[in-house]
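These protein sequence lines are chains D and R, in that order. In case it helps, the working numbering puts the first sequence at residues 1 to 258. In case it helps, the working numbering puts the second sequence at residues 259 to 370.
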Amino acid sequence: MLVLAIIVPVVGALTAFICGGRWTERIALASMPIGLAIVIAILVALQRGGAPLVYLLGAWSPPLGIALRADGLSAVMMTVTAAVVCAVGIFARADFRTPEGSSEARAPFAFWILLLAVWGALNTVFLGGDLFTLYVALELLTFAAVPLVSLDGRAETLQAALRYLLFALLGSLLYLVGTALIYGAYGTLDIVLLSGLVYMQPATVVAAALMTVGLLAKTALFPLHLWLPPAHAGAPAAASAVLSALVVKGSFFIVVRL
Amino acid sequence: MSAAVFGLCGAAAVGLGLYGLITHPQLLRKILAFNLLGAGVFLVFGVVAHRGAAAGFGGDPVPQALVITGMVVAFAATALAVALLLRLFQATGSATWRADAASQASDGPAGT
Numbered sequence: 001m002l003v004l005a006i007i008v009p010v011v012g013a014l015t016a017f018i019c020g021g022r023w024t025e026r027i028a029l030a031s032m033p034i035g036l037a038i039v040i041a042i043l044v045a046l047q048r049g050g051a052p053l054v055y056l057l058g059a060w061s062p063p064l065g066i067a068l069r070a071d072g073l074s075a076v077m078m079t080v081t082a083a084v085v086c087a088v089g090i091f092a093r094a095d096f097r098t099p100e101g102s103s104e105a106r107a108p109f110a111f112w113i114l115l116l117a118v119w120g121a122l123n124t125v126f127l128g129g130d131l132f133t134l135y136v137a138l139e140l141l142t143f144a145a146v147p148l149v150s151l152d153g154r155a156e157t158l159q160a161a162l163r164y165l166l167f168a169l170l171g172s173l174l175y176l177v178g179t180a181l182i183y184g185a186y187g188t189l190d191i192v193l194l195s196g197l198v199y200m201q202p203a204t205v206v207a208a209a210l211m212t213v214g215l216l217a218k219t220a221l222f223p224l225h226l227w228l229p230p231a232h233a234g235a236p237a238a239a240s241a242v243l244s245a246l247v248v249k250g251s252f253f254i255v256v257r258l
Numbered sequence: 259m260s261a262a263v264f265g266l267c268g269a270a271a272v273g274l275g276l277y278g279l280i281t282h283p284q285l286l287r288k289i290l291a292f293n294l295l296g297a298g299v300f301l302v303f304g305v306v307a308h309r310g311a312a313a314g315f316g317g318d319p320v321p322q323a324l325v326i327t328g329m330v331v332a333f334a335a336t337a338l339a340v341a342l343l344l345r346l347f348q349a350t351g352s353a354t355w356r357a358d359a360a361s362q363a364s365d366g367p368a369g370t
């Protein structure tokens with residue numbers, strides 16, 4: 001069931017891309033209640049079970065396989081994400097409706113697909129059980145959020161989007177260096193296994209410092225906040241809501257995890 | 259060649275890339291510096307793979323898988339950044355960092 005929470009937005013984004021035209025908006029709006037229902041189901045199952053839900057990809061258990069874990073924090077964040085995405089979707093219908101008489105317009109097409117992609121990436125961030133899955137999810141989040149900034153194509157928004165991209169990529173690379181150091185020190189990237197193995201040594205401290213700095217760059221905490229005002233000022237209203245509410249919180253969530 | 263030499267080269271590449279990313283105003287150079295930074299990080303991954311090599315294996319396969327994934331991600335990121343840069347150049351006629359990009363856009367390409 002955890003996999004469904006990731007798959008529904010991603011499949012929605014892909015089908016919306018293929019169908020094009022007015023269908024992008026319909027598919028996006030249709031997949032929102034489905035995603036919301038799945039997330040609420042996860043929340044209910046978690047409360048009933050009392051222990052974190054774990055899903056092993058390919059039935060291979062760590063340290064060789066990749067695990068998706070949903071504990072209390074993940075479930076709450078996913079529910080909030082689904083609620084915000086649904087609210088944004090309803091609000092954005094006014095801004096991003098394909099005009100009558102044309103079969104497809106550029107901005108609505110891109111917006112709905114990117115909204116679903118951001119949602120899928122966020123769910124992966126909240127469910128990822130090892131550091132490298134989190135890295136991939138973080139990159140997905142960045143690639144889906146950057147075009148949202150420059151959706152109207154003006155010069156300032158393009159520059160703001162490029163600045164956001166470079167800052168975010170720097171953050172991802174610092175996170176990756178921290179991951180490399182942790183793997184070199186402990187031999188595993190699974191978070192549950194690491195929590196049992198970690199002890200204070202220079203490698204751990206340096207890795208933690210690097211990863212925190214990298215993630216803070218993506219969260220736009222001072223002093224790495226320079227990309228945020230131009231990006232949010234330039235983005236259309238609905239996109240800005242998604243960006244400020246969810247995207248920056250995704251990277252902060254990973255800081256909390258670590 | 260011991261792994262330490264590769265590790266130091268990786269660290270030097272990371273340092274140079276970071277310097278280039280932060281200081282150069284030309285956006286294309288920033289993108290190139292980001293690629294250099296990525297190459298340094300992957301080299302560090304390679305050193306980690308060598309240190310984790312058990313007897314009988316050439317190198318620990320997990321960091322190699324991570325490097326391949328990282329290269330794909332960096333390639334996609336570079337493609338996105340270059341596409342944005344091209345569009346910015348079409349809109350403003352310059353590929354340098356400008357604090358007043360709006361007035362640049364009103365001038366139009368080539369300042370006509």
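For every residue, glycine included, the Cβ atom is placed at its ideal position computed from N, Cα and C.
Within chain D, partners of residue i - CB distance below 9 Å
| i | result |
| --- | --- |
| T281 of chain R | By Cβ distance, chain D contributes nothing, its closest Cβ being about 13 Å from T281 of chain R, past 9 Å. |
| G321 of chain R | One point to set straight first is that residue 321 of chain R is Pro, not Gly, in the sequence displayed. Neighbours of P321 of chain R on chain D, chain order: A180, Y183 and G184. |
| V263 of chain R | Within chain D, no residue comes near V263 of chain R; the closest Cβ sits about 16 Å away, beyond 9 Å. |
Rounded distance between the beta-carbons of residue j and residue i, thought under 8 Å
| i | j | result |
| --- | --- | --- |
| Y135 of chain D | L176 of chain D | 6 Å |
| P321 of chain R | A307 of chain R | 4 Å |
| F132 of chain D | T179 of chain D | 6 Å |
| V84 of chain D | I38 of chain D | In fact, because the Cβ distance is near 16 Å, the residues do not count as touching under 8 Å. |
Per-residue contacts from residue i into chain D (C-beta, under 7 Å)
| i | result |
| --- | --- |
| V306 of chain R | A180, Y183 and G184 |
| L343 of chain R | L162 |
| L285 of chain R | L162 |
Sub-8 Å separation of residue i and residue j beta-carbons
| i | j | result |
| --- | --- | --- |
| W119 of chain D | G35 of chain D | yes |
| G265 of chain R | V325 of chain R | no |
| L346 of chain R | A155 of chain D | yes |
| S172 of chain D | L138 of chain D | yes |
| L151 of chain D | S31 of chain D | no |
| L343 of chain R | L162 of chain D | yes |
| L158 of chain D | F292 of chain R | no |
Same chain, Cβ closer than 7 Å to residue i, five either side skipped, listed in chain order
| i | result |
| --- | --- |
| L276 of chain R | L295 |
| I40 of chain D | T79 |
| A330 of chain D | In this structure chain D extends from 1 to 258, so residue 330 of chain D is not present and cannot be described. |
| P33 of chain D | none |
| M329 of chain R | F300 |
| H225 of chain D | Confidence is the limiting factor: at H225 of chain D the pLDDT is only 48, short of 50, which leaves the residue's position unreliable, though a coordinate-based value still follows. If we look at H225 of chain D and ignore the five residues flanking it on each side, it has no Cβ neighbours. |
| H282 of chain R | K288 and A291 |
Spatial neighbours of residue i in its chain, beta-carbon cut-off 6 Å, leaving aside the 5 residues before and after
| i | result |
| --- | --- |
| L43 of chain D | A75 and T79 |
| G268 of chain R | G298, L301 and V302 |
| A271 of chain R | L294, A297 and G298 |
| A332 of chain R | G296 |
| V305 of chain R | A261, F264 and G265 |
| F17 of chain D | I113 |
| L73 of chain D | none |
Proximal chain R residues relative to residue i, where beta-carbon distance stays under 9 Å
| i | result |
| --- | --- |
| L170 of chain D | L276, L279, I280, F292 and L295 |
Per-residue contacts from residue i into chain R (C-beta, under 8 Å)
| i | result |
| --- | --- |
| F143 of chain D | A334, A335 and L338 |
| F91 of chain D | Under the 8 Å cutoff, chain R gives no residues; its nearest Cβ is about 26 Å from F91 of chain D. |
| F132 of chain D | L324 and T327 |
| V146 of chain D | L338 and L342 |
Contacting residues, own chain, Cβ-Cβ under 8 Å from residue i (five flanking each side not counted)
| i | result |
| --- | --- |
| I289 of chain R | T336, A339, V340 and L343 |
| V10 of chain D | L116, A117 and G120 |
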